[in-house]
Amino acid sequence: MTPIARQTALALAVVLCSASPGAGQGGQGAAPSLSDAEIAHVAVTANAIDVEIGKLALEGASGEAARAFARTMITDHTAVNERAGALAKRLGVTPADNAVSRSLQEGAAQAKAQLAGARGAAFDRAYVEREVAYHQAVLEALDGVLIPGARNAELRALLREVRPAIAAHLEHARSLRGSLAAGR
Amino acid sequence: MSTPDPGRSRVWLAVLSLLAVPWALEAATWSAPAPPAPRRHVVEIRGFEYRPAALRIAPGDTVVWVNRDVVPHTASATKGDWDSGSIPPEGSWRRVFTAEGPASYLCALHPTMKAELTVR
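Here the protein sequences come in this chain order: D and F.
Position one of the first sequence corresponds to residue 319 (this note's numbering), numbered consecutively onward.
Position one of the second sequence corresponds to residue 102 (this note's numbering), numbered consecutively onward.
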């Protein structure tokens with residue numbers, strides 16, 4: 319695992335444990351400790367981070383496969399955030415900053431700094447490896463904390479609607495990682 | 102009493118048969134079932150899946166892809182001979198299929214999304 323991927327996984331592990339004490343041990347029925355406004359903020363932050371990293375990858379990636387993946391990440395996570403913003407507005411909810419969102423932002427800052435030092439094929443591999451770890455962690459956060467913790471039915475429905483996108487991105491990133499490792 | 106000439110009977114039979122051919126052909130034309138009218142099939146894109154993931158259609162049928170996801174998708178032939186381009190959320194794209202055969206396709210933006218189309 320690259321330093322970027324390890325850092326991302328660690329940050330999200332902190333997220334999971336801090337948001338739901340039982341989640342890390344596979345506990346059932348652990349009381350979610352985030353409000354809907356905080357869950358909305360985490361979701362918006364997670365999407366915005368992947369858009370930022372995707373823009374960085376469009377500038378730094380050398381291969382068309384990594385660049386195409388980055389374009390898809392920018393398009394998809396932007397679309398999800400537009401939907402989330404519209405829902406928050408309709409519900410009269412102001413996304414509330416919280417420790418989980420801050421942890422994600424700190425992790426993103428480190429990932430960006432590490433990617434800035436990579437070049438060529440090494441950049442592509444580091445970016446895709448980071449995307450695998452990030453989407454894996456976000457998927458676990460959705461299943462362990464965000465979806466079960468959302469009290470508002472529409473927020474919960476949106477999170478459920480987004481889940482297949484994260485799962486597909488993860489599968490796509492894993493496939494791309496295999497291709498890059500094989501030199502294709 | 103004279104016996105019928107077998108040769109003459111065969112000639113008459115042949116003449117009658119020839120006369121009957123156009124009538125028989127016309128009758129066959131009347132009774133043949135009309136070819137089925139082209140149908141319209143809908144493939145819904147939802148939850149990063151094509152639904153149905155396998156579809157069998159007849160030549161001349163139309164397939165409409167409707168995107169019910171939050172993000173854009175495409176329906177792109179694996180062989181590359183047809184491509185919807187980006188279908189926006191709540192958007193749709195249609196194509197009439199005339200050539201028989203299998204036609205697998207995928208989403209060019211999310212290549213893990215795959216489906217099968219059979220024109221027969």
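We treat Cβ as the ideally placed atom computed from N, Cα and C, and that holds for glycine.
No experiment lies behind these values; they were computed from the predicted model shown.
Roughly how many whole angstroms lie between the Cα atoms of residue i and residue j?
i: Y206(F); j: N416(D); result: 43 Å
i: V398(D); j: V172(F); result: 7 Å
i: A426(D); j: A355(D); result: 21 Å
i: A366(D); j: S177(F); result: 29 Å
i: T219(F); j: P190(F); result: 26 Å
i: T396(D); j: A133(F); result: 57 Å
i: H453(D); j: E447(D); result: 10 Å
i: L477(D); j: P466(D); result: 10 Å
i: A155(F); j: G410(D); result: 42 Å
i: H487(D); j: M391(D); result: 8 Å
i: T412(D); j: S419(D); result: 14 Å
i: V197(F); j: A483(D); result: 29 Å
i: A439(D); j: V450(D); result: 17 Å
i: D442(D); j: E382(D); result: 10 Å
i: F149(F); j: A468(D); result: 23 Å
Which residue or residues does DSSP assign as beta-bridge partners of residue i?
i: E150(F); result: R147(F)
i: R141(F); result: T163(F)
Which word fits residue i, buried or exposed, when buried means at least 16 other C-beta atoms lie within 10 angstroms of its C-beta?
i: W183(F); result: exposed
i: T175(F); result: buried
i: G344(D); result: Model confidence at G344(D) stands at a pLDDT of 38, short of 50, so the residue's coordinates are unreliable; what they give is reported in the following sentence. The residue in question, G344(D), is exposed, as its Cβ has fewer than 16 Cβ neighbours within 10 Å.
i: T179(F); result: exposed
i: E458(D); result: buried
i: V165(F); result: exposed
i: S185(F); result: buried
i: T363(D); result: buried
Do we get a CB-CB distance below 8 Å when we pair residue i with the residues of chain F?
i: V360(D); result: no
i: E479(D); result: yes
i: T393(D); result: yes
i: T390(D); result: yes
Does chain B have any CB closer than 8 Å to the CB of residue i?
i: S493(D); result: Annotation note: the requested chain B is absent from the structure, which comprises protein chains D and F.
(Q) Closer than 8 Å between beta carbons: that is the criterion. Which residues of the stretch 189–217 of chain F meet it against chain D? (A) P190, L210, H211, P212, T213, M214
Q: With 9 Å as the C-beta to C-beta threshold (strictly closer), list the residues of the stretch 160–174 of chain F near chain D in chain order.
A: D170, V171, V172, P173
(Q) Along the stretch 137–149 of chain F, where does the CB come closer than 7 Å to a CB of chain D? Name the residues. (A) G148, F149
Q. Which of the residues in the stretch 403–414 of chain D, read from start to end, lie with their CB under 9 Å from any CB of chain F?
A. none
Q: Below 7 Å between beta carbons is the criterion; list the residues of the stretch 437–459 of chain D that meet it against any residue of chain F, in chain order.
A: none
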